[in-house]
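One structure is given below, encoded as structure tokens.
Protein chains in written order, with this note's numbering: chain C, 1 to 417; chain X, 418 to 834; chain L, 835 to 1251; chain Z, 1252 to 1668.
Spelled out as structure tokens, the structure:
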């Protein structure tokens, strides 16, 4: 095992650990770990709600999920010699659920969950169609996931960190806060909100204390959105073997990470989201000095995915265009066209006996691919969603005999908002 | 060779052929070909501009491209017994450039083109960055494409029809025209336009004549957007071996197709677009009676991609979020985040010596993948674009020695608007 | 279409064509076609028995197959500037059945065959188990093969030339004849024979005539075995997009080819063998001057397979060791261990309802993989054979409910020796 | 972590552990672990020489390797209800090096080795060309291996157990001993030997003691060869996610396993062999009652490989035929043709600067594929070996500029016999 530089004890809360991470982005959060270019090390990661979501058949915990508390991140980790303008190379050597613990109350101990927030509590990609809170528990066995709430489906995990990134500079943080507030101001009462402003409540800022803490928690950025520093990109292909290149904005780079997923479909459309878990990640870091200008990388991450992602050679795909269900024409709206493609996939899967929310959960958790197929054919964007047929234990392709009928079982727990 | 039911002579204009196709969608265009479920047949397809784009080193033809004339489609082909509510199974048995003709003045005769329209003439995905008209010629040798305008890159074609679909019913056509006009009305003077209303000029409606022709050409839908009938979906994975399921809206289904692409990246971001060519397509058709309700397919196409697409196991990926270059925050705008990911890829490739327009052309023509990676992390959508590293004849990955420098050669022809 | 340098008329016998190929290897066979490095050209190829095998439900033609007449090859093609010691680069740009002819009496006109010779007429890999003559007809539709003689299986063709090679020098030819006769002399009466000596009967030697013909036909090598020049390697991965490097032994290289296969499993275990057909092959040639010593290639072919082979992600595999069915232990005999692995696969498939010969035919024709898994664990070699599960229209994996039962239909035509 | 049913302490010898495994096959070795169908459990495995091979730059340990002591196996594990005639389903849920220990003196603690035995001590596949003892140390980082002894190559591990199998019955054991002794008797003095008879010296037989031990150690079968019970099959594709079906010959099945490999090429041609290591394996077991006759599986293993093996899309392949280097023609000898293919690959790699033994070591350790390409074209078998080009950090393909030259570094340690 590589040296563990950021340990987490599964029996303690995130704020009671030996090293305390953070759940906001701020340049003043001190690095608690120092590594050198070339180092290999392990980082423990807590599931994003710090254990608030449990392994049962109720969605009440999702309905009341403490949104102000997320995402609990491990770090910051300072890399010796890193300076603004460099590219930080991060090799994901390994990533997985909590090692040696395959049962227990914490997501990552042999199980994980996919949730859908109620519309009044954050919503999701298809919140108008699924306005309540829902939860599905997935059991891990070896590298595969199955669920008592969604029978007849099993898939190999495409394990990855949903969130990883470097610390923003003060300038960058100001930029974020400015532009996001401007968006919020266009419709401040919207449900769900357009964006999340700094939220002092429940802020965790590592070892920061006193006045520094008070000041920082009022300006620290929320971790939900991906931004110039990487962050919550939720890219399902950040798997074992991947090499990622992050821009560096502060001395030491100050890398943090968390929000591990056992599996996820492109888009993480269920929002709460993927198959959430805690676990570990083994990293190797290095630097390309001055790499941001050398390679023209001013922001966001560049990456080379690993080569051991699960292989599926047969897919069934669904397409959608940027027209609403009410027949309103939108202009090249790829977000909408992906929603329509996903809704088509859901309609299709329900003809096999699944409930709509079961189908939605499959799209959120399984390694589906979401593609921007046509983005220029005015006025209609065309998006497509690809399902691997091999994850179902029945023949999911259309045929002349009509769909096989599967028993949906106990179904998906729901909690009405 | 399967029986050729829709022949095209490469030496004649589209309107001088034995059978005359169409370039608008309208239910009254008579089927000119009749096939039965189970039949296998060949259809010739003309490149979408009917030969207006030539194999030279000027972009003048793109600048003056006759947009009212597109897309010239082969069909309609009526399938015996097809009725509204059925699913039409279409197997793409083979598809390729014009057989036995590998040199000549017509795209598809051993070559094809990728164009970018001037902003004043339709624009493209990145039109604010590339406002002029540009053209790249690609030469085909075996299954691979190379270009004198974009050196050091070669890729295996992922050949597919950009456009295929069934005829709309009168009701469906009215629905299209209504919603698209409503969108246009929100900003009628926009350049480029929000959508394209019916355009009687240059309309070709098969064998339709007289009053019927006059009436129909004023209401027939343009072929640019994909819609409920499939249409111009530009899905790069509609390759040989694919099985597609189309909803049927009129008796006979009245299938039409065209806009063949030798290769295309997800999004067809260059608009004019992919590697355009004429050629042939071999099809097998069958029916699932009543399949639309049986399988919950009310619109758009479902498909199972073929299993011989070119394999690349190493990719370099770029991400983008829904923030404009001017730092304006947009709300979950996946269109914008894909633009930003593509711009990042362009910035990156230029550090190797390519001009920006060369890099743009690679993204439009090569089999890149565009993914909707995160669509819920308010306010930022995250999109990613994946380039196969194996298409370059140099090492395109970042490293400590900095980028290899390639000679961009003569570059991309441009015509200023 | 590339320029066709070696045409064949499907209505004429191989010896009645405009250019006459050959069915023996000899350095004196004159090149009939001359190309230059960099050239792209098309070659027609006749199926290896020149039409002696027909599309019917009898195996009589296989029983009486004229073995002295094979393989009818197209060529030789001289490459300008090629000299002994060079490496000849051959790019397989495209390869397929006879274009524009998808029905007719000649294999390659929309159909092909797999045969097993009677033990008294050449036998096959499992001739002790299948001592008679058998034949299966496969129909091509698009890129896929199905057979009335082997139902419930369909696979994408992995089209390739079974035989391609450069001409031997006189020295090399002598070497071949010497060593092969020495082997024959160890058991001259063996049935089937250990090797095939030069056979003047039925020899075709291109344009060679008179005394030259008489002398050459008595010393020209048979085409069955692969040798230093490439030759009948039967490598299923010589598919479209492959680049092959052949050693050059005579001025001009004198490349010849034939024995096209629509599909084949590793080993071509049925001998007659793969799915045999005539068709076309498009080639590009180039030279690496002095490449044999530069790259240490003294013999046989090096190649880089194409990247569009059919993808199957799920396989069921069978293993065998080098022990005979009579429990005799052989020493690291990989030939035997592969036989045992194949017999295990046959035993397995028969539990689903196939006859043993149907199962054998699947292994010969479908894109199975044969691996040398262990070659050092004395005394037992271990070989494995991998079947893609996706070629069957039923679930071919073992399970608790026992095997699905398929209707074997009319079965495989047989002719008793 | 699944329950560990067979623990090994890295600080103790194999015979000093809490549970003592075995290094011979015998039906009387008592099961030390009992599991039920459906159980998931972990087994520790020791590297096959129990630590005799060390991490240094000398091959003396390989020269003097204690061959009588191998393979140290974990087990037997009895599965409740298993009876002769059943099929034992074994799912390989996970497999890897020793967890939490990535440095130390034991192979599997962050490193592994590939050896070649001296000809006088067992030899290897190419022992006539490499008659001495050689050793290469590989370092593991994440899922990849590199070596100070073979620079410029790095590959993703295709981790698997080289050896797993069920216990033989008394009848089956007698059958083995009889046929192997008969082979030995044909040339008893051969170096290396044709097979290995029972060897009482160094035998470890689990908890067996007293007279039972004395009797059993004189008749227990050596573990080197694969046999009807699976055993030392060295199949590189027994990776995570694989499902294997073993025949059951004794009550409880009595499954044992060991000889873990971090990576291996088809054939394990270096014999000592693959990248050897100790580690862990997580298994799930189940039964198909009576499955041997239901599925026609009388012996050897059937398996479905996992779907996360490393993906490489570009390969360079070498072919060989069954002619010796002295030009002696052998009859369809696939063992010889694979040797010739491997020698061709070695000749090729040496033109880039590698020493021959470095090239041999690459073929033994990297995930190369060995194929039985042609097994019927008398008298020449054709075998092929495929190298993934992506494992080299230089362009390994042939070109007009000649091979890149790599620095072979310190090279491979050798110990002369």
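The C-beta atom is built at its ideal place from N, Cα and C for all residues, glycine as well. These numbers were taken from a predicted model, which means no experiment stands behind them.
Runs of beta strand (DSSP E) with 3 or more residues, each lying fully within the region 721-760 of chain X, are found at 732-738, listed in chain order. In this structure residue 603 of chain X is exposed. Its beta-carbon is surrounded by fewer than 16 other beta-carbon atoms within 10 angstroms. Taking C-beta atoms under 8 Å as the contact rule, residue 994 of chain L and residue 929 of chain L qualify, at a distance of about 6 Å. In the three-state reduction of the DSSP assignment, residue 1130 of chain L falls in the coil class.
Ranked by how close their Cα comes to the Cα of residue 168 of chain C, the residues C:211, C:203, C:392 and C:230 have C:230 in first place. Among the residues of the region 1148-1170 of chain L, those with a Cβ less than 8 Å away from any Cβ of chain Z are 1148, 1149, 1150, 1151, 1152, 1153, 1154, 1155, 1157, 1161, 1162, 1163, 1164, 1165, 1166, 1167, 1168 and 1169, in the order of the chain.
Between the C-alpha atoms of residue 335 of chain C and residue 749 of chain X there is a straight-line separation of about 7 Å.
Contact between the region 623-635 of chain X and the region 556-564 of chain X is absent, with fewer than three C-beta pairs closer than 8 Å. Between residue 1060 of chain L and residue 1296 of chain Z, the C-beta spacing is not below 9 Å. Counting the other Cβ atoms within 10 Å of the Cβ of residue 485 of chain X gives fewer than 16, which makes it exposed. In the three-state reduction of the DSSP assignment, residue 530 of chain X falls in the strand class.
Per the DSSP secondary-structure output, residue 975 of chain L pairs in a beta bridge with L:978. Taking all protein chains in view, the Cβ of residue 1528 of chain Z is crowded by 16 or more other Cβ atoms within 10 Å, so the residue is classified as buried.
When the five nearest sequence neighbours on each side are left out, the beta carbons in the same chain lying within less than 7 Å of the beta carbon of residue 573 of chain X are those of 560, 561 and 727, in order along the chain. Straight-line measurement puts the Cα of residue 737 of chain X at about 14 Å from the Cα of residue 266 of chain C.
Boundaries of the beta strand (DSSP E) around residue 246 of chain C: 243-247. With respect to chain C, the C-beta atom of residue 1288 of chain Z has no partner C-beta closer than 9 Å.
At a cut-off of 9 Å, the C-beta of residue 598 of chain X has no neighbouring C-beta in chain Z.
In the DSSP annotation of this structure, residue 182 of chain C is not part of any beta strand (DSSP E); the continuous alpha helix (DSSP H) holding it starts and ends at 170-184. Checking the DSSP bridge columns, you'll see residue 517 of chain X has no partner listed. The DSSP assignment places 799-805 as complete runs of the beta strand (DSSP E) inside the region 795-821 of chain X, in order along the chain (cut-off: 3 residues). Linking residue 242 of chain C to residue 280 of chain C through their CA atoms gives a straight-line distance of about 15 Å.
The C-alpha of residue 275 of chain C lies about 30 Å from the C-alpha of residue 723 of chain X. Sequence-distant Cβ neighbours of residue 1080 of chain L in its own chain, meaning closer than 6 Å and more than five residues away, are 922, 1000, 1064 and 1135. If the five residues before and after residue 1657 of chain Z are omitted, its C-beta is found closer than 8 Å to the C-beta atoms of 1402, 1403, 1603, 1604, 1605 and 1645, all from its own chain and listed in chain order.
Of all alpha-carbon atoms in X:791, X:720 and X:687, the one lying nearest the alpha-carbon of residue 773 of chain X is that of X:687. Of all residues in the region 384-406 of chain C, only 390 come within less than 7 Å of chain L when Cβ atoms are compared, listed by chain position.
By the criterion of at least three beta-carbon pairs nearer than 8 Å, the region 1196-1210 of chain L is not in contact with the region 1116-1127 of chain L.
Against chain C, the CB of residue 1306 of chain Z has no partner CB under 9 Å away; the residue lies outside that interface. Taken atom to atom, the span from the alpha-carbon of residue 863 of chain L to that of residue 581 of chain X is near 52 Å. Taking 9 Å as the threshold, the shortest C-beta distance from residue 1595 of chain Z to chain L falls below it.
About 13 Å separates the beta carbons of residue 1152 of chain L and residue 1223 of chain L, which is beyond the 8 Å limit, so they are not a contact pair. Bounds of the alpha helix (DSSP H) holding residue 363 of chain C are 356-365.
Counting the other Cβ atoms within 10 Å of the Cβ of residue 1430 of chain Z gives 16 or more, which makes it buried. Going by DSSP, residue 63 of chain C is part of the alpha helix (DSSP H) stretching over 60-63.
DSSP places residue 1466 of chain Z inside the alpha helix (DSSP H), whose first and last residues are 1461-1470.
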